[in-house]
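Notes for the one structure printed next.
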Amino acid sequence: MWIGFQQPLIKTWLRECIPSLNQLKSSGFLIRKNEKWYVYFLGLIGDCPAIKLALNHIGNNGYYSCWFCKIRGIHTANKRQYYYQEVFNMRSINSYRNESKEAEVKHENVNGHLGLSFFHELLDIALPHSILMDYMHITLLRHTRCVVLQIYASIVPKTRSEIDDQLNFQQFPHTFNRKLKPIKSGHIKASEIKNILFYALLPIFYQHLQVDKAAHVALSVCAILMLHGPKLFGHETGLLAHDLLSIYYRDHSKYYDNLENLVLHLHIHYSNQYLNYGSLNNTNYFAQESFLGAFAKNKHGTRYWGDLLVHHFNIDFALQKIINQQEVNNVNHNEGAFDVARLSINNIEKLLSWHKRVCDCNQPAICIIIYHRSIIRGQTYHSLSYRKRQSSNSFFVKYTNDRRDILFGAIELFFTYKNSSLALINNYPSKHLFSDVFASSAYYHSCLSKYINMYFYVLQEKPSSFHYIPIHQILNLCVVFKKDNFIIVTPISQAYEHD
Numbered sequence: 009m010w011i012g013f014q015q016p017l018i019k020t021w022l023r024e025c026i027p028s029l030n031q032l033k034s035s036g037f038l039i040r041k042n043e044k045w046y047v048y049f050l051g052l053i054g055d056c057p058a059i060k061l062a063l064n065h066i067g068n069n070g071y072y073s074c075w076f077c078k079i080r081g082i083h084t085a086n087k088r089q090y091y092y093q094e095v096f097n098m099r100s101i102n103s104y105r106n107e108s109k110e111a112e113v114k115h116e117n118v119n120g121h122l123g124l125s126f127f128h129e130l131l132d133i134a135l136p137h138s139i140l141m142d143y144m145h146i147t148l149l150r151h152t153r154c155v156v157l158q159i160y161a162s163i164v165p166k167t168r169s170e171i172d173d174q175l176n177f178q179q180f181p182h183t184f185n186r187k188l189k190p191i192k193s194g195h196i197k198a199s200e201i202k203n204i205l206f207y208a209l210l211p212i213f214y215q216h217l218q219v220d221k222a223a224h225v226a227l228s229v230c231a232i233l234m235l236h237g238p239k240l241f242g243h244e245t246g247l248l249a250h251d252l253l254s255i256y257y258r259d260h261s262k263y264y265d266n267l268e269n270l271v272l273h274l275h276i277h278y279s280n281q282y283l284n285y286g287s288l289n290n291t292n293y294f295a296q297e298s299f300l301g302a303f304a305k306n307k308h309g310t311r312y313w314g315d316l317l318v319h320h321f322n323i324d325f326a327l328q329k330i331i332n333q334q335e336v337n338n339v340n341h342n343e344g345a346f347d348v349a350r351l352s353i354n355n356i357e358k359l360l361s362w363h364k365r366v367c368d369c370n371q372p373a374i375c376i377i378i379y380h381r382s383i384i385r386g387q388t389y390h391s392l393s394y395r396k397r398q399s400s401n402s403f404f405v406k407y408t409n410d411r412r413d414i415l416f417g418a419i420e421l422f423f424t425y426k427n428s429s430l431a432l433i434n435n436y437p438s439k440h441l442f443s444d445v446f447a448s449s450a451y452y453h454s455c456l457s458k459y460i461n462m463y464f465y466v467l468q469e470k471p472s473s474f475h476y477i478p479i480h481q482i483l484n485l486c487v488v489f490k491k492d493n494f495i496i497v498t499p500i501s502q503a504y505e506h507d
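This is the structure:
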């Protein structure tokens, strides 16, 4: 662990660390009597400067700086640019090692290699297949930030002010610790940029852009959502995302100035990482950065950060060990409606009519109990009757009926009937496909119309009917963007990513 205000002397530091890690890898460690665990080192993850040091590789200001292929790059306008190519000369395991050895012997740059990396002998998966790109730094903090700033600068000042107001007051589910900041505020954190990219960028900005430019942005949004969330397109998800990113990369210079840099180029290699290691949601730096940030904010005077970090990790592991399987099972049993509402069913005609259809008793107030909230698959959902929700929106949901149609609506309330938990949902019907917005775009028929309607939905402004739905048919929370006479709805990508 390196604690400091500048980059370490990487060879000196790793020369001390790597032998200890190799020893741990070979010997393992005892957990209980006669039970030994072994550590496997699968890969490296970090931002570009950290990976450059760890790999003993040239940085993004030099030629051949990509870790996965041998694209040379062109120096123009005081920047290194990596223009799109149909075919890339990929680095193999053998070429990576041989060129690293050659650079070590000659003490010179060989296709980006400056020498052997200390991690060659440690990693159980050979380089370069063990390099993990961190989308928090590459996609969010670098590429998306630059794209959004260029888009923002191209819009007239009055419209910028309107966009900033929309971002500032946009509602999200209560699970979002960070929401959105106005672009003019300057410093925007990675989780806030993620919320812009996944949810707000298209619904808020598309009306202020030329249709081809908005569609080009949509290619990137759809591709990253594919790589980040569940496999909506099955085993083809990673390849489809690669196709979208390839088109996005190919046409990038049509809409932006001097942004074909290393971080854009690295997006073309995301699909291989997705196939080998899974979703970007599970292979990123969010949790570690957040832990270090919280730790730095709440430290108590010591200069020995390394020891204190390990101490906090030990506390966390000790607390986790206390939780036994019985307690975990009890948590799983808490699924269902909770937070009893002080509402009289006699004042809710929708429930009275439903009870009359399904039950022969004349005591609906005893037969049905109304609730404000419910836990569904470990996630808390609110209803419109819940008055403590403040500015959050955890009541608008994606759900399905018995015919497995995908529907959207606002939960009016939860209720129980004969040990079953149900929700009364005000249904918002579809107005038109979101892809219709891009119908005149060059990207519409070739790729965009096939995917974007899985992530964004255009609905009527007001509900037209209501449904009684078992809570297990509620699929996801949604983010709602209000327009003049309609709303745009997008389900959240993953509820459990660190925020």
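Under the working numbering, think of the first position of the sequence shown as 9, with each following residue one higher.
Note that CB positions come from ideal geometry on N, CA and C, so glycine has one too.
Phe489 to Ala345 span [Cα, whole Å]: 27 Å
Residue environment, Tyr143, which counts as buried when at least 16 other CB atoms sit within 10 Å: buried
Three-state secondary structure (DSSP) of Gly54: strand
Nonlocal neighbours in the same chain, by C-beta distance under 7 Å from Glu268, ignoring five residues either side: Gln89, Tyr90, Tyr91, His260 and Ser261
First through last residue of the beta strand (DSSP E) which encompasses Trp10: Neither: Trp10 is in no beta strand (DSSP E) and is coded neither H nor E.
Spatial distance of Gly123 from Gln14 (CA atoms): So the alpha carbons of these two residues sit roughly 22 Å apart.
Beta bridge counterpart(s) of Cys486 as assigned by DSSP: Pro499
Beta-carbon proximity of Ile276 to Tyr263, cut-off 8 Å: no
Enclosing beta strand (DSSP E) for Asn434 [first to last residue]: Run containing Asn434: Ser428 to Asn435, per the beta strand (DSSP E) assignment.
Paired residues, beta bridge with Cys77 - DSSP: Met98
Simplified DSSP assignment, three categories, for Ala295: Three-state result, Ala295: helix.
Residues that DSSP places opposite Val118 in a beta bridge: Bridge partners of Val118: His121.
Cβ neighbour criterion (16 or more within 10 Å) applied to Met234: buried
His236, enclosing alpha helix (DSSP H) - first and last residue: Val219 to His236
Three-state class that DSSP yields for Asp142 in the structure shown: coil
Proximal residues to Leu140 (C-beta, below 6 Å), its chain only, five neighbours per side dropped: Cβ neighbours of Leu140 beyond the five flanking positions: Gly51, Ile53 and Thr291.
Extent of the continuous alpha helix (DSSP H) run through Gly246: Thr245 to Arg258
7 Å Cβ shell around Tyr463 - same chain, five flanking residues per side excluded: Cys230, Leu233 and Thr498
Sequence-distant residues of the same chain with beta carbon closer than 8 Å to Leu61, five excluded per side: Gln15, Pro16 and Ile18
Start and end residues, alpha helix (DSSP H) containing Leu272: Segment Leu270 to Leu274, the alpha helix (DSSP H) holding Leu272.
Through-space distance from Asn185 to Ser73, alpha-carbon basis: Distance between Ser73 and Asn185, taken at the CA atoms: about 36 Å.
Cα-Cα separation between Cys77 and Met98, rounded to whole angstroms: Taken atom to atom, the span from the alpha-carbon of Cys77 to that of Met98 is near 4 Å.
Inter-residue spacing [alpha-carbon to alpha-carbon] between Thr183 and Gly309: 32 Å
Check whether Phe416 and Ser382 have beta carbons under 8 Å apart: no
Three-way DSSP call (helix, strand, coil) for Glu343 in this model: coil
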